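Beneath this line is the structure, given in structure tokens, with notes to follow.
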Amino acid sequence: MPAFLSDIYHVCWRDMQRFFSQRSRILLTLVQPLIWLVLMGNIMSGMTRSAHGTGMLAGARYIDFMTPGIMIMTALFSGTFCGFSLVWDRRFGFLYKMLVAPVSRMAIPVGKMTATAIQIALQVVIIGIIALCMNVHFSSGVLGFLMIVIIAGIFSFAMAGISLSIAIHFKTLEGVHPILNFISMPLMFTSNAVFPRAAMPDWMKVICDWNPLTHAITPMRTLVVEGWVWDQILPGLAVNLTFALVMVLISTLQFRRSIG
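In numbering that gives the first Met the number 0, the protein residues as written are 0 to 259.
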């Protein structure tokens with residue numbers, strides 16, 4: 000076990016070093032949420048006034064409602080970069096170097112997924128700081144914000160597993176990119192990330208209820224808008240932990256099968 004954890008650490012650290020060396024990627028992942036907060040938060044602010052009567056936003060301002068959605072969308076889209084990194088590692092031969100090294104093959108996908116979760120956690124912290132500067136109120140306080148970061152990290156860990164499970168079957172970005180977009184975009188638009196579930200037609204509410212993105216957003220949004228309401232937090236946390244565990248098993252199995 001210590002050797003396995005050491006292998007995970009080294010794979011994770013290598014991906015973290017590459018992440019910090021890609022300044023344009025870091026800038027893009029921070030500017031995009033800022034644009035969402037500034038533009039959508041203000042453009043859709045009128046929705047808050049009209050939604051108060053029906054309770055669609057539970058009395059919250061739209062920017063408070065949307066902040067957790069922006070955090071989880073960052074986790075969703077940034078999680079796909081995990082698969083891209085695997086394609087690049089294979090293209091430039093680094094993957095094969097790891098395969099001939101005395102490194103556990105299971106540690107390679109787990110290490111990459113862990114690095115993705117850490118990267119997302121850092122990004123969510125920065126988004127939270129930006130949100131605070133825009134007068135977003137976190138009802139659950141500092142500990143609640145920490146829980147939000149943890150939930151986003153768990154969700155991104157699972158999404159990284161999906162990304163890896165798909166990317167391992169491709170040798171070029173042109174092959175994997177459309178598939179990951181095909182998965183991520185419907186996940187976003189059929190969740191309650193941008194619009195409240197109450198505003199959806201009945202058939203979409205069914206999809207929303209089965210969407211893993213919804214089960215990540217709901218506890219995060221509860222922590223922002225309402226506080227420590229455990230009957231809304233614990234189910235989502237349990238679903239995310241189960242989702243992450245399942246994706247660890249699937250991604251490692253796919254990885255072992257694909258590389259022989």
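All C-beta atoms in this analysis are idealised placements derived from N, C-alpha and C, irrespective of residue type, glycine included. Values in this document were obtained by computation on a predicted structure and should not be read as measured data.
Of the listed residues the options, nearest to residue i (C-alpha basis)
i: T113; options: L236, W229, M15; result: M15
i: T221; options: W209, G235, D208, N210; result: G235
i: G68; options: S84, A198, C207, T217; result: T217
i: L29; options: T73, V10, F3, R60; result: T73
i: L88; options: L233, R13, N191, M199; result: The question names Leu, but residue 88 in the sequence shown is Asp. Selected option, being the one with the closest Cα: R13.
i: W229; options: G143, E173, D201; result: G143
i: E173; options: F19, A59, R90, Y8; result: R90
i: K111; options: V135, L27, C11; result: C11
i: L27; options: S77, A2, P1; result: S77
i: F19; options: N191, Q31, L121; result: L121
Residue i and residue j closer than 9 Å at C-beta
i: T79; j: L179; result: yes
i: F64; j: P185; result: no
i: I126; j: L36; result: yes
i: I258; j: R104; result: yes
i: F93; j: I167; result: no
i: G152; j: V193; result: no
i: N239; j: I150; result: yes
i: M133; j: I62; result: yes
i: F181; j: I71; result: no
i: V102; j: H9; result: yes
Residues near residue i in its chain [Cβ-Cβ closer than 7 Å; skip 5 each side]
i: M246; result: A157, G160, I161
i: L75; result: M158, S183, L186, M187, L212
i: G82; result: S162, L163, I165, A166, V175, L179
i: H214; result: G235, V238, N239
i: T189; result: M203, I206, C207, N210
i: F169; result: V86, V175
i: I7; result: A106, V109, G110, T113
Contact set for residue i: own chain, Cβ-Cβ below 8 Å, skip 5 residues either direction
i: S138; result: L222, V223, V224, E225, G226
i: R17; result: S84
i: L131; result: F137
i: M97; result: V10, D88, I107
i: A116; result: G152, I153, S155, F156, A159
i: F3; result: S103, M105, A106
Beta-carbon contacts of residue i that lie in its chain and below 6 Å, excluding the five residues immediately before and after
i: H51; result: Bear in mind that the predicted position of H51 carries a pLDDT of just 49, short of 50, making it unreliable; the figure below should be weighed with that in mind. Nothing listed; no residue qualifies.
i: L244; result: none
i: M219; result: P67, I147, I150
i: T53; result: Here the model assigns T53 a pLDDT of 44, short of 50, so the residue's position is not dependable, and the following value carries that caveat. If we look at T53 and ignore the five residues flanking it on each side, it has no Cβ neighbours.
i: I232; result: P218, T221
i: A59; result: V224
Cβ distance (whole Å) where residue i is taken to contact residue j below 8 Å
i: V86; j: T171; result: 7 Å
i: L38; j: I129; result: Wrong, their Cβ atoms sit about 13 Å apart, outside the cutoff.
i: S5; j: P108; result: Contact doesn't hold; Cβ gap of about 16 Å is too wide.
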